[in-house]
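Residue numbers (our numbering), protein chains in the order written: chain F, 1 to 182; chain R, 183 to 262. Where is the CB? At the ideal position from N, CA and C, for every residue including glycine. So the structure is just underneath, and the comments pick up after that.
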Amino acid sequence: MSVSSRTDIREDLEQALAAYGDRLFALARRVTGDPDLAADAVQAAFVSALESQDSFRGDAALSTWLHRIVYNKSVDLLRARGREVALEEDERSEHDLAQAPSWERPDGPLAQAELTKALGAAYADLTPVQRAVFEMREEEGQTTEEVAAALGLGPGAVRLHLHRARLKLRARLSEILGEAKR
Amino acid sequence: MNCDDLLAKLTDYTEGASDADLCGEIERHLAGCAPCEAVKRDLLELRRLCRSCDPPRLPRDARARIERLLRGEKESEKGS
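Here you go:
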């Protein structure tokens, strides 16, 4: 969705909220790990979009712009609230991360709910940018190029963050679901 | 190609960002290395899991506040 003229921005933002407000919330929720903070981040992002609409480049997709603002607001709120978050990358090598055994798939009627909960907990090991990249690429299904444009990164950096995020989530899921089985 | 080389290139491979020669090397390694094949399978399963989950819904009250904001209605907005 592109914005045709500045006078349309409120209407465009209303359409964006209806079309993918849930996805913006999902991004904020993954980055902050907190539903209340995530709702505040999405609201703050729309306030910011209205206030800074002059800086919006109409050739970019509105969704790209909004994803970027939501990500930035989420990180700002995390920092402002002094929430503990892995802002820096840990030192585990890919080799170390890959030593984790395959995660055991839970079975039974609650399997999907258990997996979803475990995945939410496993996100705590990721840095904010890894959370955003993983959410947008793997959960939302955006292309690498779309994620790169939204987060102001190059495609190679997106793949690098995605790679670390995948290996860390796999290792953490292996721990969480392994403990649940015991 | 050893296991560490494979691990370093695995996401580029699954993202379609590796050239044909490298893809061939990776596929030969995976065919003969059960631990690396298991990691690759887990990562693809992780993607499948993620895409099968419904995204969380933006809470109704937050959505309503943003809609009022976009309609230009006056109120004391949080987070501005």
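Interface flag, residue i vs chain R, CB-CB below 8 Å
i        : result
F:THR127 : no
F:ARG170 : yes
F:GLU114 : no
F:THR144 : yes
F:GLY141 : yes
F:LEU177 : no
F:GLU14  : yes
Contact check, residue i vs residue j, beta carbons under 8 Å
i        : j        : result
F:ALA100 : F:ARG170 : yes
F:GLN53  : R:ALA244 : no
R:ILE248 : F:LEU17  : yes
R:LEU231 : R:THR196 : no
F:LEU77  : F:ASP40  : yes
F:ASP34  : R:PRO237 : no
F:ALA38  : F:ILE69  : no
R:VAL221 : R:LEU192 : yes
R:CYS235 : F:THR116 : yes
F:LEU13  : R:LEU252 : yes
F:GLU104 : F:GLY178 : yes
Any chain F beta carbon closer than 8 Å to residue i
i        : result
R:LEU251 : yes
R:ASP203 : no
R:GLU209 : no
R:ALA216 : no
R:ARG233 : yes
R:ASP224 : yes
Which of helix, strand or coil DSSP assigns to residue i
i        : result
R:MET183 : coil
F:TRP65  : helix
R:ASP243 : helix
F:PRO155 : helix
F:SER52  : coil
F:ASP96  : helix
R:CYS218 : helix
F:SER174 : helix
F:SER74  : helix
R:THR193 : helix
F:ALA150 : helix
Burial state of residue i, where buried means 16 or more other Cβ atoms lie within 10 Å
i        : result
F:SER63  : buried
R:LYS256 : Low confidence applies to R:LYS256: its pLDDT is 48, below 50, so where it sits in the model is not reliable, and the reading given next is rough at best. Label assigned to R:LYS256: exposed.
F:THR143 : exposed
F:SER74  : buried
F:LYS168 : buried
F:ARG81  : exposed
F:HIS67  : buried
F:ASN72  : buried
F:GLU135 : buried
F:SER55  : exposed
Query raised in the report: Could you give the uninterrupted runs of the alpha helix (DSSP H) lying entirely in the region 100–133 of chain F, keeping only those of 4 residues or more?
Result: 111–122
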